[in-house]
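Numbering (UniProt numbering), first residue to last: 1 to 476.
Some notes on the structure that comes next.
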Amino acid sequence: MAAAESKPPAGAAAARRLARSCWSAFWDYETPKVIVVRNRQLGVVYRVVQLLILLYFVWYVFIVQKSYQDRETGPESSVITKVKGITSSEHKVWDVEEYVKPPEGGSVFSIITRIEATPSQAQGTCPESTRVTNATCHSDEDCVAGELDMLGNGVRTGRCVPYYHGDSKTCEVFGWCPVEDGASVSQFLGKMAPNFTILIKNSIHYPKFQFSKGNIEMRKDGYLKHCLFDEASHLYCPIFRLGFIVEQAGENFTELARTGGVIGVIINWDCDLDLPASNCNPKYSFRRLDPKHTPASSGYNFRFAKYYMINGSTTRTLIKAYGIRIDVIVHGQAGKFSLIPTIINLATALTSIGVGSFLCDWILLTFMNKNKVYSHKKFDKVCTPQHSPGSWPVTLALVLGQAPPPPCTCSTDPGRPQNGGQSQAQAVPPSRLGPTSAPSEQMVDTPDRGAGPGPGASAPPQQDSTLTDPRGLAQL
Numbered sequence: 001m002a003a004a005e006s007k008p009p010a011g012a013a014a015a016r017r018l019a020r021s022c023w024s025a026f027w028d029y030e031t032p033k034v035i036v037v038r039n040r041q042l043g044v045v046y047r048v049v050q051l052l053i054l055l056y057f058v059w060y061v062f063i064v065q066k067s068y069q070d071r072e073t074g075p076e077s078s079v080i081t082k083v084k085g086i087t088s089s090e091h092k093v094w095d096v097e098e099y100v101k102p103p104e105g106g107s108v109f110s111i112i113t114r115i116e117a118t119p120s121q122a123q124g125t126c127p128e129s130t131r132v133t134n135a136t137c138h139s140d141e142d143c144v145a146g147e148l149d150m151l152g153n154g155v156r157t158g159r160c161v162p163y164y165h166g167d168s169k170t171c172e173v174f175g176w177c178p179v180e181d182g183a184s185v186s187q188f189l190g191k192m193a194p195n196f197t198i199l200i201k202n203s204i205h206y207p208k209f210q211f212s213k214g215n216i217e218m219r220k221d222g223y224l225k226h227c228l229f230d231e232a233s234h235l236y237c238p239i240f241r242l243g244f245i246v247e248q249a250g251e252n253f254t255e256l257a258r259t260g261g262v263i264g265v266i267i268n269w270d271c272d273l274d275l276p277a278s279n280c281n282p283k284y285s286f287r288r289l290d291p292k293h294t295p296a297s298s299g300y301n302f303r304f305a306k307y308y309m310i311n312g313s314t315t316r317t318l319i320k321a322y323g324i325r326i327d328v329i330v331h332g333q334a335g336k337f338s339l340i341p342t343i344i345n346l347a348t349a350l351t352s353i354g355v356g357s358f359l360c361d362w363i364l365l366t367f368m369n370k371n372k373v374y375s376h377k378k379f380d381k382v383c384t385p386q387h388s389p390g391s392w393p394v395t396l397a398l399v400l401g402q403a404p405p406p407p408c409t410c411s412t413d414p415g416r417p418q419n420g421g422q423s424q425a426q427a428v429p430p431s432r433l434g435p436t437s438a439p440s441e442q443m444v445d446t447p448d449r450g451a452g453p454g455p456g457a458s459a460p461p462q463q464d465s466t467l468t469d470p471r472g473l474a475q476l
């Protein structure tokens, strides 16, 4: 009786048991259960899925995409252009200074191939163009003095005057006269234009890898003075004929010269820096950039004027120019081996191989004839004994503010042993049994008993298959 009074409080003992259990569980090692299923069809599916995943990563990810490399896109680029050649029209000879706009030699420039010139324009009054809305009139009442049309050529004076040719009349305007439609002269410059040569000097730099290269071969024998671009024999001679560029873009030069258009010269630098620098070469492609099949926006033209003085008055020649605009576009990417993307992609590949196991498990547990047997083997159901109020699961639930776990009712399958493969009950050694130290409920798996014995209850009789295996309970 004195020994019973000296026992510590039940809550403190439960807390110590909980702490010891958590500390012991912290050092446990867990490993998945491996089940070998001898099924040829399922094994074939498993290996085929693994092979497809392996081929995808080896061939596409590592060989095609080169995912083991660190990459940089969009190189720093510089473009310098120079056009050479002369041509003639019905009235004059044209040189580079006249038909190349702008003359600075940037990545975007235009080569004039046809013009509509309106010479000797000066400030004065003249008939408005018939292309302007509401410009046609029958009398002065149809023209409002001082009216300014944003799409017209000047300020209306209020008079209705005969047009430049024909019997029609238009409102008179004050501005640069004569207007463009009334006195323009067309000249075609495209006779010799296909033979114009264009030098495109390009240099690129990838700052991440400190790699630079240009598209001109470093030679001192006057190589650029007598070479033309050829992809096979003269890759590093970036001198192109204008006719060659238009032909590679799939266009008719005569039609393009009359209506104008925009041609893109695309230089691509895709460099594998794991290889020597000589393997990093430019690739050229050509295509038309403006929508030629849309009549409202097809073609390319612009206007400019040349001013001069005649008898002290300012005079100009207005030129509407049609031409071929060249846009030089540079892009590319460089890659070099790096350990970080290699490790990331290898880990992804190894993880993806597990998809085969997931797929086969799904087939095994869903479609196979003996799927219940496989499920029974793969998933173990472990039953916990009924808990007394002082057991550590109940104490943990109370500390966390949750309801105590309900007792588990284990199945009574005589063919399947309880508690992880051991017998449902095992005899306790005689030294642990006695009238003063009856075993508690958390150490005994007794599904057919009620709550614990009362204060006056006698000790349970000694018989086999009554107490739960203490080792199995420790694993829980």
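Backbone N, C-alpha and C fix where the C-beta goes; we use that ideal spot for every residue, glycine too.
Predicted model only: the values in this text are computed from it and were never measured.
Buried or exposed for LEU318, going by 16 or more other Cβ atoms inside 10 Å? buried
For TRP362, name the three-state secondary structure that DSSP assigns. helix
Which partner residues does TRP269 have in the DSSP bridge list? GLY332
Looking at C-beta atoms only, is the number of pairs between the stretch 192 to 208 and the stretch 84 to 98 that lie closer than 8 Å three or more? yes
So, is ILE35 buried or exposed, given that buried needs 16 or more other C-beta atoms within 10 angstroms? exposed
May I have a chain-ordered list of the alpha helix (DSSP H) segments no shorter than 4 residues that lie completely inside the stretch 33 to 95? 40 to 55
What do you reckon, is the C-beta of ASN281 under 7 Å from a heavy atom of the ligand ZN? Looking for the ligand ZN in the displayed structure turns up nothing, as the structure carries no ligands at all.
Go through its chain and collect everything with a Cβ distance to GLU72's Cβ below 7 Å, but skip five positions before and after it. TYR206, LYS208, PHE209, GLN333, ALA334
Option nearest GLY74 by Cα separation, candidates VAL108, ILE245, SER203: SER203
With three or more beta-carbon pairs closer than 8 Å as the criterion, would you say the stretch 50 to 62 touches the stretch 340 to 355? yes
For GLU231, tell me which candidate among CYS177, ALA321, ILE267, ARG258 has the shortest Cα-Cα distance. ILE267
Beta bridge counterpart(s) of SER186 as assigned by DSSP: GLU116
I'd like to know if the stretch 285 to 292 and the stretch 259 to 276 are in contact, where contact means that at least 3 CB-CB pairs between them fall below 8 Å. yes
Taking just the CA atoms, how far does ASP270 sit from PHE62? 17 Å
Limits of the unbroken alpha helix (DSSP H) element including VAL155: Looking at the DSSP string, VAL155 is not in any alpha helix (DSSP H); the run it does join, the beta strand (DSSP E), is 154 to 162.
Quick check: what's the CA-CA separation for TYR60 versus ASP327? 34 Å
Would you mind working out which of MET192, TYR68, ALA145, GLY190 sits nearest GLU172, comparing C-alpha positions? ALA145
GLU128 classed as buried or exposed, judged by whether at least 16 other C-beta atoms fall within 10 angstroms: buried
Could you check where the alpha helix (DSSP H) with ASN281 kicks off and where it finishes? From DSSP, ASN281 is part of no alpha helix (DSSP H); its letter is neither H nor E.
Nearest neighbour of SER278, chosen from LEU364, ARG40, ASP221, TYR236 [CA to CA]: TYR236
Would you report the Cα separation of ASN369 and ILE363, rounded to the nearest angstrom? 10 Å
Between PRO341 and the rest of its own chain, which residues show a CB-CB distance below 8 Å, the 5 nearest in sequence each way excluded? SER67, TYR68, GLN69, ASP70
According to DSSP, simplified to helix, strand and coil, what is THR31? coil
Indicate whether the contact test is met: 3 or more Cβ pairs, each with one atom in the stretch 174 to 181 and one in the stretch 143 to 157, closer than 8 Å. yes
What residues are listed by DSSP as bridge partners for ARG325? SER110, VAL262
Taking 8 Å as the limit between beta carbons, can you name the residues of its chain near PRO455, skipping five residues before and five after? Because PRO455 carries a pLDDT of 41, less than 50, the predicted location of this residue cannot be relied on, and the following value inherits that uncertainty. If we look at PRO455 and ignore the five residues flanking it on each side, it has no Cβ neighbours.
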